[in-house]
Amino acid sequence: MKIANPIYDVVFKYLMQDNDIARLILSTIIGEEIEALDFLPQETAIALEERSLTVYRLDFSARIRKPDGAARNVIIEIQKAKFAADIMSRITNDRRYLGSQYQNKANTYTVTIAGKKIERAMPIISIYFLGYRLDHTSAPAIKVAREYRDLVSGEEIQEREAFIESLTHDSYVIQIPCLHPDRKTDLEWLLGIFDQRLIISDDKHILEIEEKSYPEKYRAIVRLLHRATTEPKVKETMEAEDEILRELQDLERRIAGKDKAIEEKDKALGEKDKAIEERDKVIEEKDKAMEEKDKALEESRYIIRELRKRIPENPL
Numbered sequence: 095m096k097i098a099n100p101i102y103d104v105v106f107k108y109l110m111q112d113n114d115i116a117r118l119i120l121s122t123i124i125g126e127e128i129e130a131l132d133f134l135p136q137e138t139a140i141a142l143e144e145r146s147l148t149v150y151r152l153d154f155s156a157r158i159r160k161p162d163g164a165a166r167n168v169i170i171e172i173q174k175a176k177f178a179a180d181i182m183s184r185i186t187n188d189r190r191y192l193g194s195q196y197q198n199k200a201n202t203y204t205v206t207i208a209g210k211k212i213e214r215a216m217p218i219i220s221i222y223f224l225g226y227r228l229d230h231t232s233a234p235a236i237k238v239a240r241e242y243r244d245l246v247s248g249e250e251i252q253e254r255e256a257f258i259e260s261l262t263h264d265s266y267v268i269q270i271p272c273l274h275p276d277r278k279t280d281l282e283w284l285l286g287i288f289d290q291r292l293i294i295s296d297d298k299h300i301l302e303i304e305e306k307s308y309p310e311k312y313r314a315i316v317r318l319l320h321r322a323t324t325e326p327k328v329k330e331t332m333e334a335e336d337e338i339l340r341e342l343q344d345l346e347r348r349i350a351g352k353d354k355a356i357e358e359k360d361k362a363l364g365e366k367d368k369a370i371e372e373r374d375k376v377i378e379e380k381d382k383a384m385e386e387k388d389k390a391l392e393e394s395r396y397i398i399r400e401l402r403k404r405i406p407e408n409p410l
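Read in order, the letters of the sequence shown are residues 95 to 410 in our numbering.
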């Protein structure tokens, strides 16, 4: 079955706009049951200062049901980036963004303690879909989890504190280029829809996938992505994304060319400066030799004068 490639922002959004599908995808990634999920109005595609492309972001509020039956409310933030420079350029902005999310009253919940109502910030879970490989690990899916540890005893603290939960957040990182065809777990089957080795050779907008090989609960995702291939707006936007990407790559090639030219000029100037320095050194050595020669001549003249003083004027 042919499906639209979800590495494209427009396809990814098409997928995540289906609430049931979004709940299934996010539940599988974080390994917890999401029983309610809502888009937040902060959905953004934030322009980067130094690049013409964007880091695509979707924000959700979610209610997670724990195995013991208790529920907790969280913010789930998804970011998708094609290049390392994209996501790295977001670090400073993310800190400001997370701060605004924690301060937003819409992202708080109220608890009653000792008869008093107290507002608390909902924890944030960040999920990153990367279109490039990290430097030191080829793991296709990584969880960066918080850990409470008693620094005196060294023991891990199991109970969670609302104060600490509001200060830090868990993260999940998906390396799309590191996905592999040997799928065993639910997560591996789910992420298989992003496997770029399934691209049809003449059209990178389309992946070829075997729907019947997928577990039944994930086939709805495959069918939705298949439906996306028939949407004219989706096709048009994928082509626009390709055009932007080509323009960016062309710009980066031109910048790289200019950087190389500047580097070569700097090298030439360095060699020129070195030649001038060597010339000055030769001149300095020549001047020193001339000075030593003059000194030697003066000493010779002095010796001759002294010798002449010893010679009698009328030796006979």
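Built from N, CA and C at the ideal position, the CB exists for glycine as well.
As the structure is a computational prediction, the values presented were derived from the model and not from experiment.
Check: Test item: CB-CB of residue 266 and residue 123 under 9 Å; Outcome: yes
Check: 6 Å CB neighbourhood of residue 95 in its chain, flanking five on each side removed; Outcome: 303, 305 and 320
Check: Own chain residues within Cβ distance below 6 Å of residue 222, not counting five before or after; Outcome: 173 and 267
Check: Three-state secondary structure assigned by DSSP to residue 157; Outcome: strand
Check: Boundaries of the alpha helix (DSSP H) in which residue 258 is found, first to last residue; Outcome: 256–259
Check: C-beta contact flag for residue 127 and residue 158 at 9 Å; Outcome: yes
Check: Residue 236 vs residue 244 beta-carbon contact at 9 Å; Outcome: no
Check: Simplified DSSP assignment, three categories, for residue 235; Outcome: strand
Check: Cβ neighbours of residue 394 in the same chain (closer than 6 Å, five flanking residues each side left out); Outcome: none
Check: Contact under 9 Å by Cβ, residue 228 with residue 290; Outcome: no
Check: Status (buried if at least 16 other CB within 10 Å, exposed otherwise) for residue 248; Outcome: exposed
Check: CA-to-CA distance, residue 155 to residue 132, given in whole angstroms; Outcome: 5 Å
Check: Segment limits, beta strand (DSSP E) that includes residue 131; Outcome: 127–133
Check: Secondary structure of residue 269, DSSP reduced to three states; Outcome: strand
Check: Nearest-angstrom beta carbon gap, residue 101 and residue 315 [assumed within contact, 8 Å]; Outcome: About 14 Å; that fails the 8 Å criterion.
Check: N-terminal and C-terminal residue of the beta strand (DSSP E) that residue 164 is part of; Outcome: Residue 164 -> no beta strand (DSSP E), and no H or E assigned at all.
Check: Euclidean distance between Cα positions of residue 328 and residue 109; Outcome: 11 Å
Check: C-alpha gap between residue 360 and residue 372, whole angstroms; Outcome: 18 Å
Check: Residue interval of the beta strand (DSSP E) (run including residue 300); Outcome: 297–302
Check: DSSP state of residue 223 mapped onto helix, strand, coil; Outcome: strand
Check: Distance between residue 285 and residue 276 (C-alpha atoms, nearest Å); Outcome: 12 Å
Check: Under 9 Å between C-beta atoms of residue 212 and residue 240; Outcome: no
Check: In DSSP terms, what residue 243 is bridged to; Outcome: 250
Check: Residue ranges of each beta strand (DSSP E) within the stretch 287–350, 3 or longer; Outcome: 297–302
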